[in-house]
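First residue of the sequence shown? That's 1 in the working numbering, and the numbers climb one at a time after it.
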Amino acid sequence: MQVRVHVLISGLVQGVGFRYFAYNKAKSLTLMGHVRNLYSGDVEIEAEGDRSLVEEFIKQIKVGPRAAHVKDMKIEWIKCTETHSGFEVQ
């Protein structure tokens, strides 16, 4: 079953390689979507793919790269649109 998730991650998540960590995990799980820094200091991710793979991705980004410290994650399941052709860092 294909699903889509919108995730806002707060904590020490900018300037520590978090976007590229998320990018590499998403690519390895063949997910579509994007990751980007927000002016608030948070990181935003939209990912879509097989539900079990998206759930595995969420588990991995909860930890993040070694230098990061994830304080909070807001997860929202949204309608799957299949508009992405890959996973990109914005």
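Cβ coordinates follow ideal geometry from the N, Cα and C atoms, glycine included. Bear in mind the structure is a predicted one, so any value in this text is a computation, not a measurement.
What distance in whole Å lies between the Cβ atoms of residue j and residue i, which are believed to be in contact at a cut-off of 8 Å?
| i | j | result |
| --- | --- | --- |
| lysine 59 | glycine 11 | Contact flag wrong, Cβ pair sits at about 16 Å. |
According to DSSP, what are the bridge partners of residue i?
| i | result |
| --- | --- |
| methionine 73 | Ile9 |
| histidine 84 | BP columns for histidine 84 are empty, so no partner. |
| glutamate 44 | Leu8, Arg36 |
Note down the Cα distance separating residue i from residue j, rounded to an integer number of angstroms.
| i | j | result |
| --- | --- | --- |
| glutamate 46 | alanine 67 | 22 Å |
| glycine 64 | leucine 31 | 17 Å |
| tyrosine 39 | valine 89 | 15 Å |
| arginine 4 | glutamine 14 | 23 Å |
| phenylalanine 87 | valine 43 | 15 Å |
| methionine 1 | alanine 22 | 22 Å |
| glycine 49 | histidine 69 | 26 Å |
Comparing C-alpha positions only, which one of the options sits nearest to residue i?
| i | options | result |
| --- | --- | --- |
| valine 16 | Leu8, Gly41, Leu29, Arg4 | Gly41 |
| lysine 74 | Met1, Val7, Gln2 | Val7 |
| valine 54 | Leu29, Ser85, Thr81, His34 | Leu29 |
| arginine 36 | Phe18, Ser85, Thr81 | Phe18 |
| threonine 81 | Gly33, Lys27, Ala26, Tyr20 | Gly33 |
From the beta carbon of residue i, is the nearest beta carbon of chain C less than 9 Å away?
| i | result |
| --- | --- |
| alanine 26 | Structure shown: chain C not included; a single protein chain is present. |
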